[in-house]
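Asks:
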Amino acid sequence: MSVEIQTEIEQAVNSRRNFAIISHPDAGKTTLTEKLLLYGGAIHEAGAVKARRAQRKATSDWMEMEQQRGISITSTVLQFLYKDFQINLLDTPGHQDFSEDTYRTLAAADNAVMLIDAAKGLEPQTRKLFEVCQMRSLPIFTFVNKLDRPGREGLELLDEIEQELGLQTYPVNWPIGMGDRFKGVFDRRQQQIHLFERRAHGSQTAGETVIDLGDPKIEEFLEQDLYYQLKEELEILNEIGSEFDLEKVHAGKMTPVFFGSAMTNFGVQLFLNSFLEYALKPEGRKSSVGTIEPTYSEFTGFVFKLQANMDPKHRDRVAFIRVCTGKFEKDMTVKHARTGKIVRLSRPQKLFAQGRESLEVAYPGDVIGLNNPGVFAIGDTIYNGQKLEYEGIPYFSPEIFAYLKNPNPSKFKQFQKGITELQEEGAIQVMYSTDDFKRDPILAAVGQLQFEVVQFRLQNEYNVETTLEPLPYSVARWVAAGWTALEKAGRLFNTLVVKDSFGRPVLLFKNEWNLQQIKEDHPELKLNSTAPVG
Ligand code: G4P
Numbered sequence: 001m002s003v004e005i006q007t008e009i010e011q012a013v014n015s016r017r018n019f020a021i022i023s024h025p026d027a028g029k030t031t032l033t034e035k036l037l038l039y040g041g042a043i044h045e046a047g048a049v050k051a052r053r054a055q056r057k058a059t060s061d062w063m064e065m066e067q068q069r070g071i072s073i074t075s076t077v078l079q080f081l082y083k084d085f086q087i088n089l090l091d092t093p094g095h096q097d098f099s100e101d102t103y104r105t106l107a108a109a110d111n112a113v114m115l116i117d118a119a120k121g122l123e124p125q126t127r128k129l130f131e132v133c134q135m136r137s138l139p140i141f142t143f144v145n146k147l148d149r150p151g152r153e154g155l156e157l158l159d160e161i162e163q164e165l166g167l168q169t170y171p172v173n174w175p176i177g178m179g180d181r182f183k184g185v186f187d188r189r190q191q192q193i194h195l196f197e198r199r200a201h202g203s204q205t206a207g208e209t210v211i212d213l214g215d216p217k218i219e220e221f222l223e224q225d226l227y228y229q230l231k232e233e234l235e236i237l238n239e240i241g242s243e244f245d246l247e248k249v250h251a252g253k254m255t256p257v258f259f260g261s262a263m264t265n266f267g268v269q270l271f272l273n274s275f276l277e278y279a280l281k282p283e284g285r286k287s288s289v290g291t292i293e294p295t296y297s298e299f300t301g302f303v304f305k306l307q308a309n310m311d312p313k314h315r316d317r318v319a320f321i322r323v324c325t326g327k328f329e330k331d332m333t334v335k336h337a338r339t340g341k342i343v344r345l346s347r348p349q350k351l352f353a354q355g356r357e358s359l360e361v362a363y364p365g366d367v368i369g370l371n372n373p374g375v376f377a378i379g380d381t382i383y384n385g386q387k388l389e390y391e392g393i394p395y396f397s398p399e400i401f402a403y404l405k406n407p408n409p410s411k412f413k414q415f416q417k418g419i420t421e422l423q424e425e426g427a428i429q430v431m432y433s434t435d436d437f438k439r440d441p442i443l444a445a446v447g448q449l450q451f452e453v454v455q456f457r458l459q460n461e462y463n464v465e466t467t468l469e470p471l472p473y474s475v476a477r478w479v480a481a482g483w484t485a486l487e488k489a490g491r492l493f494n495t496l497v498v499k500d501s502f503g504r505p506v507l508l509f510k511n512e513w514n515l516q517q518i519k520e521d522h523p524e525l526k527l528n529s530t531a532p533v534g
């Protein structure tokens with residue numbers, strides 16, 4: 001490896017910042033994404049991403065959309081340059097596209113932005129995604145959104161994050177007013193007040209006035225009561241708040257908090273600037289031969305997501321690969337750790353807001369999309385140089401369950417084959433009843449979309465028509481310890497005992513309350529919400 005290429009890789013690593021946004025539907029993820037692109041200079045007028053989403057919302061037939069687009073919008077990775085940084089925003093599918101992929105995307109992210117609606121505070125989907133971030137100790141940056149509407153007090157929101165998530169908070173900026181009187185934010189690092197002007201729909205960057213905290217001119221710009229309120233709140237923060245600690249931020253123990261309004265652009269640029277300063281660049285990753293630094297000269301990466309093309313005429317599958325080390329080059333050959341095969345990485349794609357672009361090179365922290373039908377499964381490592389495998393991506397707790405029925409016995413073989421292959425690929429989890437008479441496989445998914453994909457693909461790729469019989473459970477836990485005692489206890493109230501595709505016992509509960517009940521009744525049980533692969 002030449003010195004030039006080694007330097008090129010090091011520079012690429014230093015300039016890359018990769019992140020995913022975690023939020024509950026409607027918190028403003030699409031809007032914030034768009035505004036980050038606007039400030040990042042990747043688009044010149046906000047509206048394009050939203051327009052596309054609106055178009056998507058209007059189409060009830062998801063399959064039809066997939067066919068028209070060839071590839072799902074959900075697989076978008078946005079890449080843009082801002083200042084000296086190459087920013088990669090991994091889009092976590094939400095809404096009706098929420099699936100296990102949403103969690104898996106976080107396995108490819110180096111940082112997370114937790115987006116919260118100021119009026120609602122923490123919401124269920126945000127909490128779940130937060131837990132996945134914590135498993136990987138990802139740095140979490142909090143953006144409290146929609147300050148232009150009446151919402152909860154800043155201090156109350158900080159308290160909720162601290163108490164419920166166990167995360168220390170450090171407000172980097174602080175809101176001035178709220179709702180109709182939301183005027184701007186105070187930057188605690190520079191000790192400056194940023195006052196913004198509202199512009200229609202925030203399609204252009206917001207006009208801004210910056211004043212020092214003690215500047216007498218402040219009276220011209222800010223009502224007295226808001227100024228005094230700000231000073232009072234800042235004093236409270238200084239007294240009771242934590243000191244900023246970047247190490248804690250990087251360890252996922254402290255979250256820098258920003259307030260703003262994505263819609264009107266208030267606070268977006270300040271957030272972006274601080275985020276880039278504090279976010280982690282691509283780091284070393286654990287593998288079968290120890291931690292591998294991103295500057296390792298050989299190319300390595302892993303598959304975190306597979307997207308099947310729903311057009312029956314083009315059955316290609318895109319494997320999304322997170323580049324971990326070295327330099328990716330189009331048409332290079334690599335080794336596939338699971339099978340030992342040599343694979344040529346042809347037809348690479350870089351995904352941008354506007355569509356597919358072909359890609360020539362990629363570096364650690366980047367994501368590439370490859371068309372390699374049938375070769376890849378979730379979690380697979382590809383590498384050059386010494387043999388290694390990155391830690392697999394676990395199975396995440398499914399939330400919807402249904403028996404999958406094949407009404408046509410002559411299709412038994414195709415049915416079995418299809419189910420096995422789709423499960424191995426990671427499209428769905430498959431579980432089995434422990435009752436000998438119930439032989440139909442149970443599909444277990446994080447989102448409804450996964451069921452649709454499985455049924456659609458069984459029909460199109462395996463020629464098997466299937467029906468679903470929904471099961472009334474919503475929580476799954478793998479039994480890590482205490483199984484023998486539980487087996488002896490016999491039937492459990494409102495709980496179904498199943499086995500996953502590796503034969504591991506899993507308990508399905510109707511709701512969280514039932515789960516708590518079982519935990520109290522059987523303190524010897526150790527239950528996990530994720531399970532390792534294999
Ligand atoms: P999501 O991707 O997280 O689901 O949220 P999205 O950005 O689509 O935002 C959800 C709704 O919240 C949208 O309103 C959006 O305009 C609004 N919103 C986002 N950020 C802000 C903000 O800072 N302040 C206020 N007041 N609203 C915000 P909608 O009515 O569903 O759509 P639209 O008619 O505005 O397009």
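Just so we're aligned, residue 1 is where the sequence shown starts under UniProt numbering, counting upward by one. Backbone N, C-alpha and C fix where the C-beta goes; we use that ideal spot for every residue, glycine too.
Classify asparagine 238 as helix, strand or coil using the three-state DSSP reduction.
Replies: Three-state result, asparagine 238: helix.
Asks: Using a 10 Å radius around the Cβ and a threshold of 16 neighbouring Cβ atoms, would you call valine 383 buried or exposed?
Replies: Rather than valine, the amino acid found at residue 383 in this sequence is tyrosine. With 16 or more other Cβ atoms within 10 Å, it is buried.
Asks: Output needed for proline 93: all residues of its chain with C-beta closer than 7 angstroms, excluding positions within five of it in sequence on either side, in chain order.
Replies: Same-chain partners within the cutoff: Thr74, Ser99, Asp101, Thr102.
Asks: Ordered along the chain, which non-local residues of its own chain (more than five positions away) have a Cβ less than 7 angstroms from that of glutamine 414?
Replies: Tyr462, Asn463, Val464.
Asks: State the DSSP-derived secondary structure class of arginine 149, mapped to helix, strand or coil.
Replies: Arginine 149 falls in the coil class under three-state DSSP.
Asks: Entirely within the region 156–223 and at least 3 residues each: give me those beta strand (DSSP E) ranges in chain order.
Replies: Here the runs fully enclosed are 168–171, 173–176, 184–187, 192–196, 208–212.
Asks: Under the criterion of a Cβ to heavy atom distance below 7 angstroms, does proline 294 qualify as lining the ligand G4P?
Replies: No.
Asks: Check each candidate in Asn372, Ser2, Met178 and name the one with the smallest Cα separation from proline 150.
Replies: Taking only the C-alpha atoms, the option nearest proline 150 is Met178.
Asks: May I ask you to check if the CB of asparagine 173 is nearer than 7 angstroms to at least one heavy atom of the ligand G4P?
Replies: Because no heavy atom of the ligand G4P lies under 7 angstroms away, the Cβ of asparagine 173 does not count as near it: no.
Asks: Can you pull the DSSP bridge partners for tyrosine 432?
Replies: In DSSP, tyrosine 432 forms a bridge with Lys499.
Asks: Would you report the Cα separation of glycine 326 and proline 364, rounded to the nearest angstrom?
Replies: The alpha-carbon atoms of glycine 326 and proline 364 are separated by roughly 7 angstroms.
Asks: Could you check whether the Cβ of arginine 149 sits closer than 7 angstroms to any heavy atom belonging to the ligand G4P?
Replies: Arginine 149: yes, Cβ under 7 angstroms from the ligand G4P.
Asks: Quick one: Cα of isoleucine 9 to Cα of phenylalanine 244, how far?
Replies: Approximately 31 angstroms between the Cα atoms of the pair.
Asks: Quick check: the Cα distance between serine 410 and arginine 457, rounded to an integer number of angstroms?
Replies: Approximately 18 angstroms between the Cα atoms of the pair.
Asks: Measure from the alpha carbon of glutamate 293 to the alpha carbon of each residue in Gly284, Thr300, Gln11, then state which is nearest.
Replies: Taking only the C-alpha atoms, the option nearest glutamate 293 is Gly284.
Asks: Consult DSSP for asparagine 511 and reduce its assignment to one of helix, strand or coil.
Replies: Note: asparagine 511 maps to coil in three-state DSSP.
Asks: Nearest by alpha-carbon distance to leucine 468: which of Leu449, Ile442, Leu492 is it?
Replies: Minimum Cα distance to leucine 468 is reached at Ile442.
Asks: Alpha carbons only, please: which of Gly340, Pro523, Asp212, Thr31 is nearest the one belonging to glutamine 386?
Replies: It is Gly340 whose Cα lies nearest to the Cα of glutamine 386.
Asks: Please state the DSSP three-state secondary structure of tyrosine 363.
Replies: Of the three classes helix, strand and coil, the one that applies to tyrosine 363 here is coil, per DSSP.
Asks: If I measure Cβ to Cβ from isoleucine 71 and keep anything under 6 angstroms in the same chain, skipping five residues before and after, which residues do I get?
Replies: Residue placement at isoleucine 71 is flagged as unreliable, the pLDDT there being 32, under the threshold of 50; the coordinate-derived value follows with that caveat. Hits under 6 angstroms: none found.
Asks: Quick check on the burial criterion: 16 or more other C-beta atoms within 10 angstroms. Buried or exposed for glutamate 4?
Replies: Its Cβ having fewer than 16 others within 10 Å, glutamate 4 is exposed.
Asks: Leaving aside the five residues before and after alanine 251 along the sequence, list all residues of the same chain whose C-beta is less than 7 angstroms from its C-beta, in chain order.
Replies: Same-chain partners within the cutoff: Ser137.
Asks: Considering only heavy atoms of the ligand G4P, does any lie closer than 7 angstroms to the CB of alanine 27?
Replies: Answer for alanine 27: yes, Cβ within range of the ligand G4P.
Asks: Is there at least one non-hydrogen atom of the ligand G4P closer than 7 angstroms to the beta-carbon of threonine 264?
Replies: Because some heavy atom of the ligand G4P lies under 7 angstroms away, the Cβ of threonine 264 counts as near it: yes.
Asks: Can you list, in chain order, the residues of its chain with a C-beta nearer than 7 angstroms to that of arginine 322? Leave out the 5 residues immediately preceding and following it.
Replies: Around arginine 322: Ala108, Gly301, Phe302, Phe304, Val367.
Asks: Smallest Cα separation from glutamate 160: which of Arg198, Ser297, Gly121?
Replies: Among Arg198, Ser297, Gly121, the Cα nearest to that of glutamate 160 belongs to Gly121.
Asks: What's the gap between the Cα of lysine 128 and the Cα of glutamine 163?
Replies: About 16 angstroms.
Asks: Smallest Cα separation from glutamine 459: which of Asn406, Arg491, Glu329?
Replies: Ranking the options by Cα distance to glutamine 459, first place goes to Asn406.
Asks: Within its chain, find whatever has a CB closer than 6 angstroms to the CB of lysine 519; leave out the 5 residues flanking it on each side and keep chain order.
Replies: Correct list: empty, nothing qualifies.
Asks: Mind reading off the beta-carbon distance from serine 397 to alanine 480? Whole number of angstroms is fine, and I expect it under 8 angstroms.
Replies: Not a contact, Cβ separation roughly 13 angstroms.
Asks: Hey, could you find the ends of the beta strand (DSSP E) threonine 300 is sitting in?
Replies: 300–308 is the span of the beta strand (DSSP E), which, as asked, contains threonine 300.
Asks: Does the ligand G4P have a heavy atom nearer than 7 angstroms to the CB of lysine 286?
Replies: Incorrect: lysine 286 has no Cβ contact closer than 7 angstroms to the ligand G4P.
Asks: May I ask you to report which of helix, strand or coil DSSP gives arginine 504?
Replies: Coil at arginine 504, not helix or strand.
Asks: If threonine 31 and threonine 142 are in contact, beta carbons under 8 angstroms, what's the gap, nearest whole angstrom?
Replies: With a Cβ gap of about 16 angstroms, threonine 31 and threonine 142 do not count as contacting.
Asks: With a cut-off of 8 angstroms, do at least 3 Cβ pairs link the region 82–92 to the region 17–37?
Replies: The region 82–92 vs the region 17–37: in contact.
Asks: Out of curiosity, what's the CA-to-CA distance linking glutamate 116 and valine 13?
Replies: The displayed chain sequence assigns isoleucine, not glutamate, to residue 116. Between isoleucine 116 and valine 13, the C-alpha separation is close to 30 angstroms.
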